[in-house]
Amino acid sequence: MPQQGVVFDIQRFTLHDGPGLRTEIFLKGCPLRCRWCGNPESWLPNAELGVYKSKCISKKKCGLCLDTCASEDALTFYRGKLTKINSREVDDLAQVAESCPADAIKQWGTNMTVAECMDIIRTDKGYYDRSGGGVTVSGGEALLQASFVAELFAACKEEGIQTCFETTFHGRWKEVEKLLPVTDIWISDIKHMDSAIHKEYTGVHNQKILENLKKLSELDRELILRIPVIPGVNDTMENMVATADFILNEMNGQVATLQLLSFMRLGEEKYQALGIPYGMEGLKFNRRSLQKKIRGFSEYFNQRGIHCLVGTKEEQ
Ligand code: SF4
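Numbers 0 to 315, taken from numbering that gives the first Met the number 0, label the letters of the sequence shown in order.
In structure tokens, the structure reads:
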């Protein structure tokens with residue numbers, strides 16, 4: 000049986016995760032729980048269902064999901080509207096999602112083979128060639144499915160398609176090694192240099208991430224580093240100085256670009272659909288002040304000889 004990956008999204012013509020025009024494949028499963036994560040549907044490794052309760056017509060007038068779901072206990076209704084689904088109690092997720100005429104039920108996660116992914120990727124080969132683009136695999140944390148990604152990237156390389164791997168780097172080095180022969184560009188974050196604060200806001204310490212970054216930098220690979228700048232979490236000069244020291248002292252000159260990404264409230268409706276509290280609820284910040292601060296950080300990195308951008312692209 001061919002190897003399968005659990006894919007929760009595929010986006011064509013993306014611009015920000017690697018050069019040129021790209022097809023981006025998002026895989027499920029992540030060991031981190033970043034409070035600002037915009038893709039909570041990526042966290043669990045298995046396929047699951049979410050509920051957009053405001054779209055539900057009502058159990059009385061519709062109730063089609065009940066007809067397709069063998070276990071009534073899997074569905075929770077409140078005031079006649081579906082509010083929650085226990086995906087573990089559902090045998091056929093796709094059937095339940097498709098039963099809803101109002102799109103109130105969303106399936107996140109589909110098993111796909113390399114051949115199925117390649118059928119989609121290949122469609123845009125001409126665009127990759129003209130723009131210097133290719134394929135990016137992201138997550139979640141796609142190192143959890145490294146064998147699948149290695150096979151997918153090998154298929155891309157056979158067809159002359161550039162590959163880019165976006166990772167938290169919180170994973171075992173032996174999984175990274177599977178991807179070394181078939182990955183052209185690596186993208187990773189440094190979220191905080193203080194391990195205790197890193198754990199507080201992401202659920203994991205940063206040692207493994209920094210170790211993997213150092214190991215990769217010994218191998219002469221193209222690496223794009225990112226700092227998601229989160230107000231009240233990592234937006235201090237002290238943290239930027241520590242990050243610059245790490246890049247200059249430990250990364251062997253291998254960071255092609257450092258990108259500073261401004262916090263954005265993303266995915267709140269997906270948290271609601273999954274019944275998970277949003278970790279940045281109540282955060283108040285001034286977008287202009289944050290942008291100004293980020294520009295200042297960028298100047299600082301560039302002054303220290305680190306090629307740094309605000310955002311993902313050079314200004315035109
Ligand atoms: S099928 Fe959709 S609209 Fe109908 S009751 Fe279920 S969730 Fe509501």
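Beta carbons are placed, not taken as given, at the ideal position from N, Cα and C, and that holds for glycine. Since we're looking at a predicted model, the values are computed, not measured.
Beta strand (DSSP E) runs wholly inside the stretch 83 to 170, at least 3 long, in chain order: 104 to 107, 109 to 112, 133 to 137, 161 to 166
Identity of the residue in Gln-161, Arg-78, Asn-301, Ser-53 nearest Leu-247 by Cα: Here the closest residue by C-alpha is Asn-301.
Nearest-angstrom Cα distance between Cys-36 and Lys-27? Going from the Cα of Cys-36 to the Cα of Lys-27 covers about 14 Å.
Helix, strand or coil at Ser-261 according to DSSP, with G and I counted as helix: strand
Would you call the stretch 105 to 119 and the stretch 55 to 69 touching, i.e. three or more CB-CB distances under 8 Å? no
Assuming Glu-150 contacts Gln-258 under a Cβ cut-off of 8 Å, what Cβ separation, rounded to an integer in Å, is found between them? At roughly 29 Å, the Cβ-Cβ gap does not stay under 8 Å, so Glu-150 and Gln-258 are not in contact.
First and last residue of the alpha helix (DSSP H) that includes Phe-284? It is not in any alpha helix (DSSP H) - Phe-284 carries neither H nor E in the DSSP assignment.
Relative to the alpha-carbon of Ile-184, which residue among Thr-162, Asn-205, Val-203 has its alpha-carbon at the smallest distance? Thr-162
Here's the rule: buried if 16 or more other CB atoms are within 10 angstroms of the residue's CB, otherwise exposed. What is Asn-45? exposed
Return the chain-ordered list of same chain residues with a C-beta closer than 7 Å to the C-beta of Asn-251, the five sequence neighbours on each side being excluded. Ser-216, Glu-217
Got a sec? Which residues, its chain only, sit under 7 Å from Ala-93 by beta carbon, not counting five neighbours each side? Gln-106
Starting from Thr-75, follow the beta strand (DSSP E) in both directions and report where the run begins and ends. 74 to 77
Classify Met-263: buried if its beta carbon has 16 or more other beta carbons within 10 angstroms, exposed otherwise. exposed
Can you give me the Cβ contacts of Gln-206 inside the same chain, cut-off strictly under 7 Å, excluding the 5 residues immediately before and after it? Ser-194
Near Gly-49, what residues of its chain come up, given a Cβ to Cβ distance below 7 Å and the 5 sequence neighbours on each side ignored? Glu-40, Lys-105, Trp-107, Lys-269, Ala-272, Leu-273
Taking 6 Å as the cut-off, is the C-beta of Cys-61 nearer than that to any heavy atom in the ligand SF4? Judged by the Cβ position, Cys-61 qualifies as a neighbour of the ligand SF4 at the 6 Å threshold, a heavy atom of the ligand being closer than this.
Beta-carbon proximity of Asn-238 to Met-279, cut-off 7 Å: No.
My understanding is that Gly-266 touches Thr-135, with C-beta atoms under 8 Å, so please give their C-beta distance in whole angstroms. Their Cβ separation, rounded to whole angstroms, is 19 Å, which puts Gly-266 and Thr-135 out of contact at 8 Å.
If I follow the unbroken beta strand (DSSP E) through Thr-22, where does it start and stop? For Thr-22, the enclosing beta strand (DSSP E) has its first and last residue at 21 to 26.
Spatial neighbours of Trp-172 within its chain, please: CB distance less than 7 Å, with the 5 preceding and 5 following residues excluded, ordered by chain position. Asn-211, Lys-214
Starting from Asp-66 and walking both ways along the alpha helix (DSSP H), at which residues does that stretch end? 63 to 67
In the DSSP assignment, find the beta strand (DSSP E) that holds Asp-8 and state where it starts and stops. 3 to 13
Near Lys-177, what residues of its chain come up, given a Cβ to Cβ distance below 7 Å and the 5 sequence neighbours on each side ignored? Ala-145, Ser-146, Ala-149
State the beta-bridge partners of Gly-49 as determined by DSSP. Lys-105
Alpha helix (DSSP H) containing Val-175: first to last residue? Residues 172 to 178.
For Arg-225, is the classification buried or exposed, using 16 other Cβ atoms within 10 angstroms of its Cβ as the cut-off for buried? Arg-225 is buried by the Cβ-count criterion.
For Phe-12, is the classification buried or exposed, using 16 other Cβ atoms within 10 angstroms of its Cβ as the cut-off for buried? exposed
Simplified DSSP assignment, three categories, for Asp-188: strand
Using a Cβ-Cβ cut-off of 8 Å (strictly less than) and excluding sequence neighbours within five positions of Ser-57, which residues of its own chain qualify? Gly-79, Lys-80
Relative to the C-alpha of Thr-256, which residue among Leu-308, Phe-284, Gly-231, Val-228 is closest? Leu-308
Terminal residues of the continuous beta strand (DSSP E) containing Glu-221? 221 to 228
Any heavy atom of the ligand SF4 closer than 6 Å to the CB of Ala-103? yes
DSSP three-state call for Asp-256: helix, strand or coil? Strictly speaking, residue 256 in this sequence is Thr, with Asp absent from that position. Correct three-state label for Thr-256: strand.
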